[in-house]
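Worksheet: the structure to be examined is printed underneath.
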Amino acid sequence: PGEVSLAHHGVLFLDELPEFRKNVLEVLRQPLELGEVTIARAKVSVTYPAKLMLVAAMNPCPCGYATDPRNECSCMPVAIQRYMGRISGPLLDRIDIHVEVPAVKVEDLADKREGERSEVVRARVETARERQQRRFDDESHLFANAHMGSKDLRRYCPLPPEGENLLTSAINRLGLSARAYDRIIKVSRTIADIAGDDQIATSHLAEAIQYRSLDRQLWLG
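With UniProt numbering applied, the sequence shown covers 1 to 221.
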């Protein structure tokens, strides 16, 4: 098995994501969707388990300065579009959370104040995972929100009317797929779990939609 299957029940980190060959990136679509990867060689195909968490990093443009307020980007718009276009829509559709990480300011580097400690964050995440385990106690095929299918979403993730309207509007405005629709609901369910809320609120959906930033950049320009 390759790196994808070796990351089963773990994390696969890919740095400089657009620099990978496109055929390599497209292989990720199957494990991100089905939790397995099929390799075909000499008329024989073998399927390996590949339930993994993909973490990928990339620059906003070839030179890396497109969103940096202190440095001028030297890339032409067509070069940026070509660079971003190396990640296909179907692959991007399967990545639940897109987060822009801005350059750290010098004054922030010198700031002596402590941020939230890792053990505090870990405790909050563990509590959220325990909520999910209790929720799916009678479901042998479910271990986390990410594993829910469309039928499970209807049972475990009812949305408030305002939330449904917001999500429908976002899907239409951003031109997102049915797959993205389901994934936004899963993320909002996790946000609610971390907040300790039993029901998904409109604010949870709004936050989950904000995590689709690459959809906005790529398809809305």
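Where is the CB? At the ideal position from N, CA and C, for every residue including glycine.
Item: Host beta strand (DSSP E) of T47 (start-end); Value: V44 to P49
Item: Beta-carbon gap between G149 and H204 smaller than 9 Å; Value: no
Item: Uninterrupted alpha helix (DSSP H) stretches inside the UniProt domain "Magnesium chelatase ChlI-like catalytic" (1–108) (no shorter than 4 residues); Value: 3–6, 22–26, 29–34, 77–84 and 89–93
Item: Alpha-carbon spacing of D152 relative to T190, whole angstroms; Value: 14 Å
Item: Under 9 Å between C-beta atoms of A57 and D15; Value: yes
Item: Heavy atom of the ligand FAD within 8 Å of A123 beta-carbon; Value: Absence of the ligand FAD from the depicted structure is noted, as is the absence of any ligand whatsoever, leaving it without description.
Item: Secondary structure, alpha helix (DSSP H): runs of 4+ residues fully inside the stretch 164–201; Value: 178–195
Item: Span separating the alpha-carbon of V27 from that of R113; Value: 43 Å
Item: When F143, D93, V55 and A195 are compared against R124, the one with the closest alpha-carbon; Value: A195
Item: Burial state of S140, where buried means 16 or more other Cβ atoms lie within 10 Å; Value: exposed
Item: CA nearest to the CA of A146, picked from G2, H8 and E33; Value: E33
Item: Residue 222 versus R129, D182 and D138, residue with shortest Cα-Cα distance; Value: In the structure as shown, the chain starts at 1 and stops at 221, and residue 222 therefore has no counterpart that could be examined.
Item: Own chain partners of A144 with C-beta closer than 6 Å, once the 5 adjacent residues on each side are dropped; Value: Q132
Item: Own chain residues within Cβ distance below 7 Å of D68, not counting five before or after; Value: A103
Item: Chain-order list of residues whose beta-carbon lies under 7 Å from that of L214 (same chain, five-residue window excluded); Value: L92 and H98
Item: Burial state of A110 (16 or more Cβ within 10 Å); Value: exposed
Item: Proximity winner among P60, R134, A7 and A40, relative to E19 (alpha-carbon distances); Value: P60
Item: Endpoints, alpha helix (DSSP H) assigned at S140; Value: Where S140 is concerned, there is no enclosing alpha helix (DSSP H), given that its DSSP letter is neither H nor E.
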